[in-house]
Every structure is written in structure tokens, then in C-alpha cells.
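Have a look at the structure below, then the notes.
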Amino acid sequence: MKFGFVAKHRGAWPVNLLCEALGVSRGSFYAWLTWPRSRRSLSDEVLGAHVHQSFVRSDRTYGARRVWHDVLEQGQACGLHRIERLMREQALRARPRRRGLPKDRGARSAVADNVLNRQFQADGPNQKWVADFTYIWTAEGWLYVAAVLDLYSRRIVGWSMQESMTSQLVVDALMTAVWRRGKPVALLHHSDLGSQYTSEHFQKLLNEQGITCSMSRAGEVWDNSAMESFFSSLKTERTARKVYRTRGQARSDVFDYIECFYNPRRRHSTLGYLSPVQFEQAQKA
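All residue numbers for the sequence shown refer to the working numbering, where the first residue is 64 and numbers rise by one.
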């Protein structure tokens with residue numbers, strides 16, 4: 064490790080000073096340079112390139128376990144601890160997930176009970192959808208983002224973005240999901256108690272589509288934790304580190320995260336480290 068440090072910094076500092084500071088001889092350093100590299104070292108170099116590629120392709124959001132599954136998929140045989148070591152050596156560290164809970168100021172709704180009851184698993188697609196919306200700051204003001212997630216594959220099946228927090232925001236997200244997935248036969252739609260979801264506008268749409276309504280209990284953010292988890296990932300892995308000058312920039316970036324990364328590529332531990340699209344394709348095969 065000391066010789067490696069000298070080799071890395073000898074362009075900035077004289078070799079003799081570096082060797083003296085580290086307590087190694089200059090002759091031993093030059094001898095080390097000519098030693099044949101071990102098979103393990105050569106293997107680490109190849110594997111390290113795959114690790115770095117996976118980390119960068121994830122927009123620097125993947126931890127060691129997700130990187131490991133990427134590397135295994137590329138045909139490289141290795142263990143998780145080796146991936147962790149190679150990431151440490153390259154100073155590759157995923158951004159930590161924000162753990163703060165959202166504020167819930169809603170009152171218990173008379174519209175629907177909590178039918179979902181925290182049963183976040185589904186046997187097939189289009190059986191259970193969860194929905195919510197969040198907001199992203201731009202220099203032009205807030206951009207509100209609504210999304211609908213299928214609990215079967217954790218895929219975002221519908222979304223919409225608007226400048227205002229109205230019932231049309233969540234109606235558009237649901238209609239996008241229906242348009243993409245087809246009119247459901249027996250579907251449960253779960254959301255929080257926001258006025259957008261309890262509005263006559265949205266409830267009428269649910270009735271027209273034959274969708275059963277379920278709503279979280281007042282003050283129980285965990286009743287919709289699967290949706291909260293998605294928005295946490297969106298902000299931690301993409302929007303929290305960006306400064307958007309316009310709402311248009313924010314819209315483009317959110318679209319890219321959902322349709323180019325999250326749905327087709329982002330690995331989920333609940334899906335056996337497959338992406339939502341990969342999981343659905345595997346189930347159809």
C-alpha cells in the first residue's frame with residue numbers, strides 16, 4: 064500500500080521524500096515497480112473497472128449489494144465483501160437515504176377505509192396500486208409530482224407533473240396508469256387522505272373505472288410506506304442534489320429518473336435485485 068501511494072503521487076512529490084516520509088527505501092520502491100503483478104491484483108483491476116462502471120451507470124446511487132448483482136450479471140464471479148473492498152479503494156460511496164418522515168396534517172377521511180392495511184404484496188399486476196404526490200423546488204417555484212405504483216413489481220405505472228396542487232394532478236396520474244396498463248378488472252387503489260384524493264373529481268373517476276378506494280389512517284405514514292419509499296429514492300438519488308432553474312428542467316429530470324432508470328434498470332431488493340421491468344418480463348417468461 065505504501066509503494067502504491069508513492070507511485071500515485073510521485074508526479075507531485077520527489078520519490079525520495081515520499082519514501083522517507085513513509086519509512087520505506089527508495090530501492091525497494093523501484094524494485095516493487097518491476098515485480099510481476101499477482102493474478103489477484105490483475106483480477107482486481109478488471110473487476111474494479113466493472114464496479115466503477117456499475118456505480119456510475121446508477122448515477123452514483125448504488126451501494127455494494129446492488130453493484131454486486133450488476134457485476135454478477137456481467138459474468139464476473141466474486142463475493143460481496145470483495146465488491147465492498149473495491150468500492151472503498153475507489154472511494155465509491157452511495158448517497159445515504161434520507162430518513163425523515165413526511166408531515167401528515169390530514170383528518171380521517173369518510174370516503175374510504177384502509178382496505179390495503181399495509182399488505183404491500185400482490186400476486187399479479189394491476190391488483191394493488193398505491194399513489195401519492197410530492198413537490199420539487201425550482202427557481203420558478205414548486206413543481207408537484209404525482210405517481211402511481213404497482214405493488215406487484217414496484218413499477219411506476221402512471222405519473223403527472225403540474226405547477227399547482229389540484230385534483231387534476233392526481234387524476235392525470237391515474238388516467239396515465241389506466242392508459243398504459245389497460246382498464247383494470249379488480250383493482251385496489253390506495254392513497255393518503257389528501258383533499259386531492261378525497262375530492263369528488265377523483266372519486267368519480269375511481270367509480271367510473273370500477274376501482275376500489277383505500278385510504279391511509281390519519282397520522283399513519285407507514286400505511287403508504289411503499290409509495291413514500293419511491294419518493295425518498297427519487298429525491299435521494301436524483302433531485303436533492305440538483306438545482307433546477309426552470310420547471311421544465313425538473314420535469315425532464317424526473318421523467319429521466321422514472322422511465323430511463325427506475326423502471327427499467329434500478330435494482331430492488333424486494334424483487335430479488337431485478338428492476339421492475341425485468342421482474343415483469345421474468346414472470347411472463
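Note that the Cβ used here is the ideal one computed from N, Cα and C, for glycine as well.
Secondary structure note for S254: its beta strand (DSSP E) is the uninterrupted segment 250-254. A70: member of the alpha helix (DSSP H) spanning 65-72, first to last residue. Excluding sequence positions up to five before and after F68, its CB lies within less than 8 Å of the CB of L81, L85, all in the same chain and listed in chain order. The secondary-structure analysis by DSSP pairs R218 across a beta bridge with D213.
One Cα belongs to D107, the other to S338, and the distance between them is close to 27 Å. For the set P77, T97, M150, E136, the Cα lying nearest the Cα of A112 is the one of M150. Contact annotation, A185 with L214: C-beta distance approximately 5 Å; criterion of less than 8 Å satisfied. Scanning its chain for C-beta atoms nearer than 6 Å, with the 5 sequence neighbours on each side dropped, one finds around V87 the residues K65, in chain order.
L256 is positioned such that its CB atom lies closer than 8 Å to that of A281.
For Y93, the enclosing alpha helix (DSSP H) stretches over residues 89-97.
Annotation for K191: the continuous beta strand (DSSP E) segment containing it runs 191-201. Judged by DSSP in its simplified three-state form, M228 adopts coil rather than helix or strand.
Under the 10 Å beta carbon count, S277 is surrounded by 16 or more other beta carbons and is classified as buried. Straight-line spacing of the CA atoms in R304 and V317 works out to 13 Å. If the five residues before and after K191 are omitted, its C-beta is found closer than 6 Å to the C-beta atoms of A185, L214, L251, all from its own chain and listed in chain order.
By the C-beta criterion, the stretch 321-341 is judged to be in contact with the stretch 117-130, since at least 3 inter-stretch pairs fall below 8 Å. Residue pairing of Y307 in beta bridges, as defined by DSSP: T201. Scanning the stretch 110-149 from its first residue to its last, the whole alpha helix (DSSP H) runs of 4-plus residues come out as 127-136.
The beta carbons of T201 and T309 sit closer together than 8 Å.
About 13 Å separates the beta carbons of V220 and A289, which is beyond the 8 Å limit, so they are not a contact pair.
In this structure, V233 sits near Q259, with a CB-CB distance shorter than 8 Å. Distances from the CA of R181 to each of S121, E291, N326, V340 were compared; the closest alpha carbon is that of E291. S292: member of the alpha helix (DSSP H) spanning 288-300, first to last residue. Beta-bridge pairing by DSSP links C276 to H252. Annotation for S258: the continuous alpha helix (DSSP H) segment containing it runs 258-261. In this structure S104 is exposed. Its beta-carbon is surrounded by fewer than 16 other beta-carbon atoms within 10 angstroms. According to the DSSP assignment, P339 belongs to the alpha helix (DSSP H) that extends over 339-347. If you check the CB distance, S254 and N177 do not come in under 8 Å.
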